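Participant: Once you've had a glance at the structure underneath, I'll fire off some questions.
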Amino acid sequence: MVRQMIWQKVCKRKDTFKAENAQPEDQCDKKFPKKLHESTSSQTPSSVGNQGEDQVDFVSPRSRREIRRQNKQMITNLYLKKPEQKNKDIGIQTEHSFFLENTDNLKAELKKTKADLCKRKVKVSILTKKLERLEAKEKKHSKIVRTLHDQCTPAQAKRILTLNQKIGALFKRRYVPDLIIRSMSRRDYEYLRQKKIMQMPSIRTQERWLQYFKMNPGFQDDSIKVFQEMIKTNTFQYNKEARAKENAVEIIHNWFDEVNSRQIYDKIKLRCALGINFEDQLDKMELFLDTFKVIGRGNKIILPWQRGMRVSIKSTRAWYHDLISNESCSEFEFTLDIHHEVHVDSAINHQLDQFKKWDLNFQGLSYVMGVIAHKMKLLYPDLGKRQSGIYLNDHGLTPWIYHLSRGGLMVPSDYFLRDYKVFDQKFKEFHIPLLDRHPKVIERFCQVLEESFGGKYDKAVLNLFANTRKMIRIRYLNAQLKFNTGGNEKIRGKKSKLANFKFNNNLTKYTI
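So for the sequence shown, UniProt numbering puts the first residue at 1; every next one is plus one.
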């Protein structure tokens, strides 16, 4: 009964059997050792019944684990060898220990070799980059040498390339600083040379050296000549500022002398102060006002006194030309030449407005032409010039551009401005009544201009004008439409609005 209970409890089996007839192969060797089988098989039910349950020879799981641990340790001690101790003494070492020692030494040597290889690679990379820089420098030097031999004589090239070669008592490299000091101030140069503060050659030696230094005509020779002229004024920053202040004071003084003291009706014609020309002085003063900068007010804003001086200059110049052309006027023989055309017409209130509008349109016309000339300046530089490169007397047709510009706006040429009037007239005839809504407007209008001017202008110039002029007309019509309707409708809006929009002939009184 006891064996049956142990069987069911340990082996987790639920079947029943007669314990006295159980054989060893029917039992679990792991859970029922042979000793237990022998001890229990020899017992009888009566003897088992007489003993207590605590007197049965039973092996617990902990004891079995301890037995297995001891068995494993015994196997480990029997089959696994201890690591052999390495020693430098060859007589003590075995073949296996000697191999292990050699392997460790080779690993250390391999690690050291890899580190050295990495350092060598870094040095090789640095030297490679240095070699590339030296090759580029050598290539540049070879180009310089070839250029010197092409532009200079062999003796001059040798003097330039051999810096350590003496020329007289000094090195060649000392000549350039001495020449610069002399160009700045000859008096200072003589002082430094006499006091022996610096070792300098005589002026005669410099002149003799410059006399033999010649170059072939070309760009380099022209650059040296330009530098020779500019070195007289380009010295130090404070000298530039001092010269600018001196010139400003001189211009203002001469201008007041001209405006306040000039008497055009004197006996001597063109009587003026010594060394001062009347028209040139007015031009200088106007240029001074155009380039005068006002701090904190922007580049395009002029002060009231500047505006008054500009008006005074313009009126003085006009008054001067009228009196010069009519010097023979007398009480008995009065003649007066009026150079502008006088139109005789009936007294209508809007005649003055019409004249003002024509003048404003013309100024806007010239501004648009300047924009087109600026965009095409690389391909067609003859369409216009910058305001800074034009003489002051040439701006009578485009005063608005000179008023806005600080020297950078483009002023269209005279022939381009005359042709632009024809362009604008063709545009107004093409877009009747206000705007042509048929397809390919730009292409058709360019064909009209090409038929009128032939091959005088490139198609790119005509295309740019057609597109720019069309956008100006559309912007103007949008402004008029918004003013008349009081809404946000635009001509260039959605397609539905454009299709339903009908041009009104009374949309505006004047069209541009």
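Virtual Cβ for every residue (Gly too), placed ideally from N, Cα, C. All of these numbers come straight from a predicted model, not from anything done at the bench.
So what does DSSP say about PRO412, is it helix, strand or coil?
Facilitator: Here PRO412 sits in strand by DSSP.
Participant: Would you call the CB atoms of GLY370 and LEU409 closer than 8 Å?
Facilitator: It is a contact, given that the beta carbons lie within the stated cut-off.
Participant: For SER60, does the count of other Cβ atoms within 10 angstroms reach 16, so buried, or fall short, so exposed?
Facilitator: It is exposed - the Cβ of SER60 has fewer than 16 other Cβ atoms within 10 Å.
Participant: Spatial neighbours of ASN102 within its chain, please: C-beta separation below 7 Å, excluding the five flanking residues on both sides.
Facilitator: The answer is none, since no qualifying residue turns up.
Participant: Within 10 Å of its beta-carbon, does VAL145 have 16 or more other beta-carbons around it, so buried, or fewer, so exposed?
Facilitator: VAL145 should be labelled exposed.
Participant: Let's test the definition: count the other Cβ atoms within 10 Å of the Cβ of ASP419 and tell me whether it reaches 16, buried, or not, exposed.
Facilitator: Result: buried.
Participant: Identify which residue in TYR402, ARG65 and SER202 has its Cα closest to the Cα of PHE288.
Facilitator: Comparing Cα-Cα distances from PHE288 to each of TYR402, ARG65 and SER202, the minimum goes to TYR402.
Participant: Taking buried to mean at least 16 other C-beta atoms within 10 Å of its own C-beta, is ALA248 buried or exposed?
Facilitator: ALA248 comes out exposed.
Participant: For GLY384, which beta-bridge partners are listed by DSSP?
Facilitator: In the DSSP output, where bridge partners are listed per residue, GLY384 has PRO412.
Participant: Name the two residues that bound the continuous alpha helix (DSSP H) containing ASP188.
Facilitator: ASP188 -> alpha helix (DSSP H) spans 186 to 194.
Participant: Just to check my reading of the structure: MET376 and LEU383 have Cβ atoms closer than 8 Å, yes? What is that Cβ distance to the nearest angstrom?
Facilitator: Rounded, the Cβ-Cβ distance is 6 Å, consistent with contact.
Participant: Could you say which of PHE423, ILE432 and LEU106 lies nearest to GLN447 if we only look at CA atoms?
Facilitator: Comparing Cα positions, the closest option is PHE423.
Participant: Tell whether a beta-carbon distance below 8 Å holds between LEU360 and ILE313.
Facilitator: No; because the gap between Cβ atoms is not below 8 Å, this pair is not in contact.
Participant: Keeping to the same chain, check which residues put their C-beta closer than 8 Å to that of LEU134; ignore five residues upstream and five downstream.
Facilitator: Hits under 8 Å: none found.
Participant: DSSP three-state label for THR44, please.
Facilitator: The pLDDT assigned to THR44 is 47, lower than 50, so where the model puts this residue is not dependable; a value taken from the coordinates is nonetheless given after this. If DSSP states are grouped into helix, strand and coil, THR44 belongs with coil.
Participant: If ARG473 sits next to LEU435, beta carbons under 8 Å apart, how far is it from one beta carbon to the other, in whole angstroms?
Facilitator: Contact holds; Cβ gap of about 6 Å.
Participant: Taking buried to mean at least 16 other C-beta atoms within 10 Å of its own C-beta, is LEU462 buried or exposed?
Facilitator: LEU462 should be labelled buried.
Participant: Please classify ALA460: is it buried, with 16 or more other beta-carbons within 10 angstroms of its beta-carbon, or exposed?
Facilitator: With fewer than 16 other Cβ atoms within 10 Å, it is exposed.
Participant: Taking only the alpha-carbon atoms, compute the straight-line gap between LEU126 and ALA136 and give it to the nearest angstrom.
Facilitator: Checking the sequence, you will find Ile at residue 126 rather than Leu. So the alpha carbons of these two residues sit roughly 16 Å apart.
Participant: According to the Cβ coordinates, are PHE416 and ALA373 closer than 8 Å?
Facilitator: Yes, the pair counts as a contact, with Cβ atoms nearer than the cut-off.
Participant: Since LYS470 is in the alpha helix (DSSP H), which residue starts that stretch and which ends it?
Facilitator: Element bounds for LYS470: 459 to 485.
Participant: Please report the residue range of the alpha helix (DSSP H) in which ILE432 lies.
Facilitator: From DSSP, ILE432 is part of no alpha helix (DSSP H); its letter is neither H nor E.
Participant: Hey, quick one: how far does the alpha helix (DSSP H) through SER452 stretch, first residue to last?
Facilitator: First-last of the alpha helix (DSSP H) with SER452: 441 to 453.
Participant: Can you grab the Cα-Cα spacing for the pair VAL122 / LEU161, in whole Å?
Facilitator: Going from the Cα of VAL122 to the Cα of LEU161 covers about 36 Å.
Participant: Distance, Cα to Cα, LEU477 vs SER452?
Facilitator: Rounded to whole angstroms, LEU477 to SER452 spans 27 Å at the Cα level.
Participant: Report the rounded CA-to-CA distance for ARG469 versus PHE445, giving the unit in angstroms.
Facilitator: So the two alpha carbons sit approximately 11 Å from each other.
Participant: Using three-state DSSP, classify CYS118 as helix, strand or coil.
Facilitator: Three-state DSSP puts CYS118 in a helix.
Participant: Measure from the alpha carbon of ILE442 to the alpha carbon of each residue in THR153, PHE465, LYS482 and ASN105, then state which is nearest.
Facilitator: Nearest option by C-alpha distance: PHE465.
Participant: Going straight from the alpha carbon of ILE398 to that of VAL411, what length do you get?
Facilitator: It is worth fixing the name first, because residue 398 is Thr in this sequence and not Ile. Distance between the alpha carbons of THR398 and VAL411 is about 8 Å.
Participant: For PRO201, does the count of other Cβ atoms within 10 angstroms reach 16, so buried, or fall short, so exposed?
Facilitator: Its Cβ being crowded by 16 or more others within 10 Å, PRO201 is buried.
Participant: Quick check on DSSP: helix, strand or coil for LEU379?
Facilitator: LEU379 falls in the coil class under three-state DSSP.
Participant: Could you tell me the distance, in whole angstroms, from the CA atom of GLN73 to the CA atom of GLU109?
Facilitator: Approximately 39 Å between the Cα atoms of the pair.
Participant: Distance check for MET285 and ILE251, CA to CA, integer angstroms please.
Facilitator: Rounded to the nearest angstrom, the two C-alpha atoms are 6 Å apart.
Participant: Could you give the DSSP three-state label for VAL59: helix, strand or coil?
Facilitator: Three-state result, VAL59: coil.
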